[in-house]
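**Q**
Residue numbers (UniProt numbering): 1 to 274.
1. Tell me which residues share the same chain as residue 176 and place their Cβ nearer than 7 Å to its Cβ, disregarding the 5 neighbours each side in the sequence.
2. In or out: residue 95 buried (at least 16 other Cβ within 10 Å) or exposed?
3. Please state the DSSP three-state secondary structure of residue 171.
4. May I have the straight-line CA-CA distance separating residue 88 from residue 40, to the nearest angstrom?
5. Does the stretch 71 to 83 come within contact of the stretch 91 to 106, defined as at least 3 CB pairs closer than 8 Å?
6. Can you grab the Cα-Cα spacing for the pair residue 48 / residue 234, in whole Å?
7. Rounded to a whole number of angstroms, what is the C-alpha to C-alpha distance between residue 30 and residue 161?
8. Looking at the structure shown, is residue 42 part of a helix, part of a strand, or coil, going by DSSP?
9. Determine the direct distance from the alpha carbon of residue 19 to that of residue 35, and round the result to whole angstroms.
10. Under 8 Å, do residue 114 and residue 262 count as touching if we go by C-beta distance?
11. Answer yes or no: do residue 265 and residue 58 have a C-beta to C-beta separation smaller than 8 Å?
Shown next as structure tokens:
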């Protein structure tokens, strides 16, 4: 498949439903009350169900389950509700791809998003922006699996054999999944800043214009793939190296402990939504 042909397929993917787009605009509007947000979420049964499943996940640590969006709003607050609305909207907008384990895919996605959010708290980057970018960071992979399944299988096979993911994508497709993901995010009317975070995540320090969100994605992905291989007493030093590689200035105080608190929670969230 030619690159131009694959790029055209972006327009064949479902747009975010109008109600969802309006809801995303609402959660980004400081003038709208939390009560109005809850009412808008409640009008969409599928959205409500997804948000409630996430609100009742162990990550939020409550013993009592919430049964309504109003109760979820009281428990979570506006910013967390915003994050869950965005996550639920993205999950619902992307079609199933043949041969893709969606539970595993979304589990990895949420794990990176939660790591990104915690990392952001140790920088100047707004945590909510980091979470949103994390939710969207690998959407290009899912698009390729949907639009060009043979190419996706060839890429996965090569990467499993030890090949570099970006180099393999460029060889097979002439562009990488991060680029296609950024285009898709823009088509869904996410910000240029967020799109840059997606586009430059492979080599953030090599980008023409540095994106701190891309640096966060780079570091969060390194955490997801490499944490279990690091000895506990070496994790802080390893995190310092990763922050330097990502081009991030980061307060390392209690960072490892904060990340440990969320470790594994994203995997659960992904299974709840798959």
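Glycine residues also receive a C-beta, built at the ideal position from the N, C-alpha and C atoms.
**A** Reading it off the structure:
1. 166, 169, 170, 202
2. exposed
3. helix
4. 14 Å
5. no
6. 42 Å
7. 48 Å
8. helix
9. 17 Å
10. yes
11. yes
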